[in-house]
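Structure first, commentary second.
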Amino acid sequence: MKPARTLLTAFAAAAALSLAGGIALADDDAKLIKKGKKVYNKCKTCHLIDKEKSKVGPHLVGIIGRAAGVVEGFKYSDAMKNSGIVWNDEEIMAYLEKPKEYIPGNKMVFPGLKKEKDRIRVLAYIKSKMPPAE
Ligand code: HEC
């Protein structure tokens, strides 16, 4: 286990991601997204990302840059509605690590993704689903 290296890799991946939004993706990003799609299997019973239709959870179409708790017709917890969050890379990474602690009282029944690399992967997948920046 080499913590310094692991951290560096994570930072490199995060940096790559912030550049990747909507622009042509490098090979490495394509791999990351493919792995992220697998991680997203854990989310998809509750969250659609291709269709503006909510299931157990609100749909995640356009989630990057979207304010928390705004999907019409979805019954959010007060905690989520009043969180004041606008979802960006950092907020999503933090929420997915420990959903219950990050927004106490929110009603997403999901223990979180313990491994940072899973969070980076799923974020890459989510970002790959966002419409290209104008
Ligand atoms: C068992 C169902 C379930 C699973 C699995 C689940 N979620 Fe959720 N999620 C919810 C619910 C319900 C909410 C709304 C929480 C609230 O209102 O307090 C939510 C909220 C969210 C939000 C905030 C949405 C908004 O409109 O503000 C994001 C982002 C999110 N989830 C991402 C994920 C990701 C990514 C995964 C997989 C790693 C995941 N969730 C797994 C049920 C789930």
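Mapped onto the numbering used here, the consecutive letters of the sequence shown carry residue numbers 867 to 1000. Where is the CB? At the ideal position from N, CA and C, for every residue including glycine. Keep in mind it's a predicted model, so treat the numbers as computed, not measured.
- The continuous alpha helix (DSSP H) containing S994 extends over residues E982 to S994.
- L962 is positioned such that its CB atom lies no closer than 7 Å to that of R987.
- Pairing V905 with A933 gives a Cβ-Cβ distance that is not under 7 Å.
- An exposed status is given to V975, since fewer than 16 other beta-carbon atoms sit within 10 Å of its beta-carbon.
- Separation of G935 and A945 (C-alpha to C-alpha, rounded to the nearest whole angstrom) is 9 Å.
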